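Below: one structure, written as structure tokens.
Set out below in structure tokens:
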């Protein structure tokens, strides 16, 4: 029981630090597209010039994603969803967290496979490459769906993190946190969609 509690806490923490931080940094880099192709390409080049980048990607991104996704899928498999019997708002968000987890995992896997692992074949990620991809309506639609699922999963997970770690105690505190986390979702969505539209 203690081990399960520990691994659940690590799963919750990994979704916020470092993965949540990574989402925000990733959106910041992507948002440079709003300033033009040179700024976006410069941001990507700066990121790729960081020393020991492969190490930081492995430790701060890849391993946390593998653990968070793996343990998360186990939770999805173990959870008995009762949304039809108890159609309450918070229960609906609990159910959506499981659905958005699967959508996010598929989106991230596809995103990495298409853009990250193809980088060696196409030399490097560039504004022109992303623009060419996102000017295909189907790909653009998939990115919009993927971003919405990812941001809602993070925002909902942030609320759960605050509750499970005892940061928001009491109904009023949790309600306030819910509004704040919804605000996080709105901000990330606005930033993410604005970045996407810069390529279209």
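Residue numbers (this note's numbering): -5 to 194.
Where a beta carbon is used, it is the ideal one built from N, C-alpha and C, also for glycine.
Owing to the predicted nature of the structure, the values given are computational and were not obtained by experimental measurement.
Item                                                                                                                                   : Value
Residue 119 versus residue 90 - alpha carbon distance                                                                                  : 33 Å
Expected contact under 8 Å - CB spacing of residue 145 and residue 179 to nearest Å                                                    : 5 Å
Residue 95 burial status per 10 Å Cβ neighbour count (16 or more: buried)                                                              : buried
Cβ contact (3+ pairs, closer than 8 Å) linking the stretch 32 to 46 and the stretch 127 to 143                                         : no
Short Cβ contact (8 Å threshold) for residue 59 with residue 7                                                                         : no
Beta carbon of residue 21 nearer than 8 Å to that of residue 34                                                                        : no
Rounded separation between residue 182 and residue 175 - CA only                                                                       : 11 Å
Residue ranges of each alpha helix (DSSP H) within the stretch 107 to 192, 4 or longer                                                 : 121 to 128 and 131 to 158
Residue 177 to residue 98 span [Cα, whole Å]                                                                                           : 20 Å
Ordered list of alpha helix (DSSP H) runs contained in the stretch 5 to 93, each at least 4 residues                                   : 13 to 25, 31 to 42, 47 to 51 and 57 to 72
Per-residue DSSP class, three states only, for residue -2                                                                              : helix
Short Cβ contact (8 Å threshold) for residue 5 with residue 66                                                                         : yes
Contacts around residue 158, its chain only, beta-carbon distance under 7 Å, and the 5 residues preceding and following it disregarded : 6
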